[in-house]
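Down below is the structure, laid out as structure tokens.
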Amino acid sequence: MKVSYKWLKQYLDLNMPAKDLGEKIERTAVEVDSVDVAQTGLKKLVIGHILSMKDHPESDHLHICEVDVGEDQPLQIVCGAPNVAADQKVIVALPGSRIGGNVKIKRSKMRGVESEGMICALDEIGFSKDVVPKEWADGIYVFDDSVPVGEPVYHYLGMDDPIIDLDVTPNRGDMLSILGTVHELAAIYDQHADIKTPVANEDSQIDVNQEISATADSSLAKTYKLRVIKGVKVAPSPSWLQITLWNAGVRPINNVVDVTNYILLKYGQPLHSFDQDKIDGNIQVRLAQQGEKITTLDEEDHELSTNDIVIADNDHPIAIAGVMGGFNTQIDDQTTSVVLESAIFDSIRIRKTAQRHVLHSEASQRFERGINPDTVEAAIDEAANMIQTLAGGKIATGIVTAADYHPESPTIFMTAERTNHVLGTKLTLTEIKKIFDRLGFTSEDHEDGLNVTIPARRWDIHIDADLFEEVARIYGYDKLPATLPTGRQTIGVLTQPQKVQRASRQILEGLGLTQAISYSLTTESKAKMFLMRQSEVTKLLSPMTQDHAVLRMNLLSGLLDDVAYNHAHKVNDVALYESGRVFYKDNIDQVRPEEVEHIAGVITGNFDNPAWNNHINPVDFYQMKGIVNQFLINLGINGDIEYTATDQYSDMHPGRTANISIHGHYVGFVGQVHPKVTKQFKIKETYAFELNLQELIDLPKNDDQYQPISKYPSIKRDISIVVDRQITNDQILTVMKKRGGAYLSDIQLFDVYDGKNVPDGKKSMAYSLTYVNPRDTLKDEVVTTAFEKIKKRLTDDLKAEIR
Numbered sequence: 145m146k147v148s149y150k151w152l153k154q155y156l157d158l159n160m161p162a163k164d165l166g167e168k169i170e171r172t173a174v175e176v177d178s179v180d181v182a183q184t185g186l187k188k189l190v191i192g193h194i195l196s197m198k199d200h201p202e203s204d205h206l207h208i209c210e211v212d213v214g215e216d217q218p219l220q221i222v223c224g225a226p227n228v229a230a231d232q233k234v235i236v237a238l239p240g241s242r243i244g245g246n247v248k249i250k251r252s253k254m255r256g257v258e259s260e261g262m263i264c265a266l267d268e269i270g271f272s273k274d275v276v277p278k279e280w281a282d283g284i285y286v287f288d289d290s291v292p293v294g295e296p297v298y299h300y301l302g303m304d305d306p307i308i309d310l311d312v313t314p315n316r317g318d319m320l321s322i323l324g325t326v327h328e329l330a331a332i333y334d335q336h337a338d339i340k341t342p343v344a345n346e347d348s349q350i351d352v353n354q355e356i357s358a359t360a361d362s363s364l365a366k367t368y369k370l371r372v373i374k375g376v377k378v379a380p381s382p383s384w385l386q387i388t389l390w391n392a393g394v395r396p397i398n399n400v401v402d403v404t405n406y407i408l409l410k411y412g413q414p415l416h417s418f419d420q421d422k423i424d425g426n427i428q429v430r431l432a433q434q435g436e437k438i439t440t441l442d443e444e445d446h447e448l449s450t451n452d453i454v455i456a457d458n459d460h461p462i463a464i465a466g467v468m469g470g471f472n473t474q475i476d477d478q479t480t481s482v483v484l485e486s487a488i489f490d491s492i493r494i495r496k497t498a499q500r501h502v503l504h505s506e507a508s509q510r511f512e513r514g515i516n517p518d519t520v521e522a523a524i525d526e527a528a529n530m531i532q533t534l535a536g537g538k539i540a541t542g543i544v545t546a547a548d549y550h551p552e553s554p555t556i557f558m559t560a561e562r563t564n565h566v567l568g569t570k571l572t573l574t575e576i577k578k579i580f581d582r583l584g585f586t587s588e589d590h591e592d593g594l595n596v597t598i599p600a601r602r603w604d605i606h607i608d609a610d611l612f613e614e615v616a617r618i619y620g621y622d623k624l625p626a627t628l629p630t631g632r633q634t635i636g637v638l639t640q641p642q643k644v645q646r647a648s649r650q651i652l653e654g655l656g657l658t659q660a661i662s663y664s665l666t667t668e669s670k671a672k673m674f675l676m677r678q679s680e681v682t683k684l685l686s687p688m689t690q691d692h693a694v695l696r697m698n699l700l701s702g703l704l705d706d707v708a709y710n711h712a713h714k715v716n717d718v719a720l721y722e723s724g725r726v727f728y729k730d731n732i733d734q735v736r737p738e739e740v741e742h743i744a745g746v747i748t749g750n751f752d753n754p755a756w757n758n759h760i761n762p763v764d765f766y767q768m769k770g771i772v773n774q775f776l777i778n779l780g781i782n783g784d785i786e787y788t789a790t791d792q793y794s795d796m797h798p799g800r801t802a803n804i805s806i807h808g809h810y811v812g813f814v815g816q817v818h819p820k821v822t823k824q825f826k827i828k829e830t831y832a833f834e835l836n837l838q839e840l841i842d843l844p845k846n847d848d849q850y851q852p853i854s855k856y857p858s859i860k861r862d863i864s865i866v867v868d869r870q871i872t873n874d875q876i877l878t879v880m881k882k883r884g885g886a887y888l889s890d891i892q893l894f895d896v897y898d899g900k901n902v903p904d905g906k907k908s909m910a911y912s913l914t915y916v917n918p919r920d921t922l923k924d925e926v927v928t929t930a931f932e933k934i935k936k937r938l939t940d941d942l943k944a945e946i947r
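Written out as structure tokens, the structure reads:
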């Protein structure tokens with residue numbers, strides 16, 4: 145909300161710099177984004193009078209102008225604006241001046257003709273194109289005849305008025321208006337604002353009920369009022385009104401539309417004006433019907449939803465209520481009869497409509513945050529009077545009221561004792577009462593406290609805590625005493641899930657992976673990749689972009705995006721992990737998705753850094769499996785880790801992927817990302833894993849315990865066997881561990897061979913077995929006995945041939 149400092153001074157005695165006022169507002173009410181004066185940085189811009197004009201001999205669009213700027217001799221200025229003409233009063237940048245963008249204007253020659261300055265358009269001296277009136281949008285700005293020649297332009301364009309830009313929070317919708325800000329400042333500086341209630345200058349010969357009628361559903365529009373003005377003449381607004389609007393960031397249109405925007409800024413009450421002659425029949429406030437369409441004032445077509453509130457005549461919608469008017473009933477140069485609308489619409493529906501149609505207007509912003517019901521009629525009365533003053537015409541007697549809303553003012557009880565306890569102050573009840581008087585709240589003594597009645601303009605106050613905040617604001621946050629917090633001190637500890645999550649990050653970083661953080665929002669197709677369970681997607685109702693429209697159901701797709709980003713920046717060796725939540729829905733009717741902690745990792749390229757003494761090999765399935773296996777071992781989960789080959793994941797390589805189970809509980813998968821997926825993401829061969837971290841948190845774990853190293857020597861035995869090719873290493877290890885005896889401490893596979901001298905369909909596997917007795921010297925015959933049992937079981941159970 146851009147607030148004019150000069151406008152505020154019409155109601156209050158403010159004798160301080162605008163920056164000091166902005167700083168006071170920020171410390172007391174709402175945040176202030178900036179305090180700016182438009183003329184800052186500009187220099188030597190004056191009002192000039194074009195005495196004569198002739199065409200440039202070397203150009204078909206340039207003109208040579210003789211311009212009086214209040215000096216002894218007129219200046220010769222070459223101008224190419226299409227609307228330049230003799231006898232105009234214009235903005236002139238003198239030689240040596242500074243205009244918008246810190247551009248310096250010098251004497252120069254334009255196609256051989258000397259030009260002593262520049263005749264400027266509004267946007268050239270710093271105005272945004274969005275606020276320049278359409279009549280001046282493609283040319284220079286022309287002043288009224290009343291402005292004096294040679295004077296600086298700043299005052300006559302409102303550029304000397306400090307503009308305070310308020311960042312109004314959603315709960316303080318009352319400050320989206322000049323009068324709301326005036327009430328706030330009156331309380332802050334303990335002043336009385338003289339705000340008069342307007343009375344419409346009605347013509348008794350015109351009855352509004354004979355002109356138009358309206359119906360409204362009170363659930364859609366709590367208040368809906370219409371006035372009619374007959375015989376108006378639409379024209380550009382006077383300069384003071386245009387300046388007021390463009391300083392507030394609103395483009396002037398004409399004297400009728402500009403009045404409605406002026407009232408919106410003053411009261412915070414959006415109004416809309418219809419051309420009565422373009423309305424077919426009477427007006428009704430209703431929900432849009434299926435298939436209805438409307439062209440809005442910005443000439444964009446919109447297909448309406450059955451949840452949109454519309455203003456309609458007998459045939460079709462003529463406005464999207466609270467958002468934007470319809471093109472078919474707009475005010476134009478031929479308009480002679482105006483219907484003014486003032487209303488309070490359902491804020492939730494207005495917000496959803498504005499989001500649905502991407503039509504966020506000044507009006508919708510205020511309807512979403514709330515409207516003061518006490519000024520709905522005052523706003524339309526003052527608007528009618530202003531239109532009559534600026535555009536002529538006669539105001540019909542009476543107001544058409546289709547719905548009316550006057551809520552009972554809430555009364556809240558509060559005590560000085562409770563207030564002081566919360567704020568740490570020592571205020572008396574009398575001092576608190578004075579604060580409420582400054583705020584315009586009615587307060588009456590009741591028992592040992594006050595009954596405080598809240599005016600309708602402060603709809604954000606509901607409970608006593610809100611009143612405590614009001615007291616603190618006006619009393620001054622900087623005056624509140626500072627005290628140390630009291631209470632028993634406790635030592636903070638991590639929960640068990642937090643401990644496992646932190647340990648997971650430390651383990652994976654210790655294993656060489658780097659943490660990445662991806663968006664929880666993704667596309668529907670990426671959300672459905674790498675699914676560890678069946679789930680419906682969770683879609684956002686109003687996504688910012690289509691790339692972030694649904695909640696993720698895996699972490700890997702986000703990590704693959706990170707790999708693609710690195711590849712695009714010439715980083716080929718990537719090892720990343722991510723810990724975060726995925727979101728599952730068992731059916732489409734489930735309102736809230738189930739949030740499950742996952743952890744995932746990806747590696748592509750070389751895992752080790754190249755060096756003169758380090759032989760580099762690209763990452764493969766076994767390296768990734770080893771990382772996952774070590775990760776699970778380091779977590780200390782109680783149970784055997786099992787890897788089972790699978791082709792159930794369509795996005796993983798069917799021959800290089802394994803499910804992971806611990807003690808029969810499925811916890812995730814590891815393998816190579818399918819080549820079609822790597823091609824889709826434009827990345828190289830990549831290996832990945834994803835685990836259900838919540839499942840790992842819930843599984844029982846072994847506490848870390850100290851295990852002393854045996855002081856007695858170990859004994860090693862090697863064994864080489866030939867087995868069928870389909871026999872797995874896991875099967876062999878299971879037999880060895882089961883039959884190896886109490887002293888078998890380690891088994892290492894050191895060779896696999898299936899070439900020459902090995903029968904077809906067979907493979908040779910060689911193992912090194914280590915035996916240790918931690919309490920005594922191990923005897924060779926004990927090891928031999930245990931070793932023979934292993935050989936026998938391998939032969940009997942797996943049909944192995946001992947080599």
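In this text, residue positions in the sequence shown follow the working numbering: the first is 145, and each later residue adds one.
Ideal Cβ positions, reconstructed from N, Cα and C, are used throughout, including at glycine.
The structure displayed is predicted, hence computed values, not measured ones.
Query	Result
Beta-carbon proximity check, M688 vs E834, cutoff 8 angstroms	no
Cβ-Cβ separation, V222 to G192 (assumed contact under 8 angstroms), whole Å	So it is not a contact: roughly 14 angstroms between Cβ atoms.
Strand pairing of I194, partner residues [DSSP]	V211
Beta-carbon proximity check, I806 vs L837, cutoff 8 angstroms	no
Residues near L364 by beta carbon distance below 8 angstroms, same chain, minus five either side	V429, R430, L431, I453, A465, F489, D490, R493
Residues bridged to R677 (per DSSP)	DSSP output for R677 lists no bridge partner at all.
Pair within 8 angstroms by beta-carbon distance, A547 and K366	yes
The stretch 328-346 in contact with the stretch 404-420 per 3-pair CB rule at 8 angstroms	no
Complete runs of the alpha helix (DSSP H) confined to the stretch 761-786 [at least 4 residues]	765-779
E328, DSSP secondary structure in three states	helix
DSSP state of H446 mapped onto helix, strand, coil	strand
Inter-residue Cα distance where the pair is V637 and Y728	30 angstroms
Whole beta strand (DSSP E) elements within the stretch 401-479, 3-residue minimum	415-419, 427-431, 437-439, 445-447, 453-456, 461-464
Straight-line Cα distance separating T439 from D445	4 angstroms
Inter-stretch contact at 8 angstroms, needing at least 3 Cβ pairs: the stretch 312-327 / the stretch 603-617	yes
Which of helix, strand or coil DSSP assigns to K933	helix
Pick from R696, L408, E279, D351 that is closest to S381, judged by C-alpha positions	E279
Given G244 as reference, the closest of K422, E202, Y298 once Cα atoms are compared	Y298
Selection from T559, A487, F612 that minimises the alpha carbon distance to D525	A487
A237, DSSP secondary structure in three states	strand
8 angstroms contact criterion, which V772 and I747 should meet: CB distance rounded	Between I747 and V772 the Cβ distance is about 11 angstroms, and since that is not below 8 angstroms, they are no contact.
Simplified DSSP assignment, three categories, for D311	strand
Reference S290; option with closest CA among Q232, G261, E268	Q232
Cβ contact (3+ pairs, closer than 8 angstroms) linking the stretch 165-174 and the stretch 614-625	yes
Start-end ranges of the alpha helix (DSSP H) lying completely within the stretch 314-368, minimum 4 residues	322-332, 352-355
Nearest-angstrom Cβ-Cβ length linking P239 and G283, presumed shorter than 8 angstroms	Rounded, the Cβ-Cβ distance is 22 angstroms, inconsistent with contact.
Through-space distance from K769 to V902, alpha-carbon basis	28 angstroms
Presumed contact (8 angstroms Cβ cut-off) between V726 and L704, rounded CB distance	Going by Cβ atoms, the distance from V726 to L704 rounds to 15 angstroms, so no, they are not a contact pair.
Test item: CB-CB of L219 and E268 under 8 angstroms	no
Three-state secondary structure assigned by DSSP to Q892	strand
Check: I221 C-beta below 7 angstroms from any heavy atom of the ligand GDP	Ligands displayed in this structure: none; no statement on the ligand GDP is therefore possible.
Beta-carbon gap between S864 and Y915 smaller than 8 angstroms	no
Distance, L583 Cα to E328 Cα	7 angstroms
Within 8 angstroms, strictly: CB atoms of L573 and N564	no
Buried versus exposed, by CB contacts within 10 Å (16 or more), Q474	buried
C-beta contact flag for D477 and N426 at 8 angstroms	no
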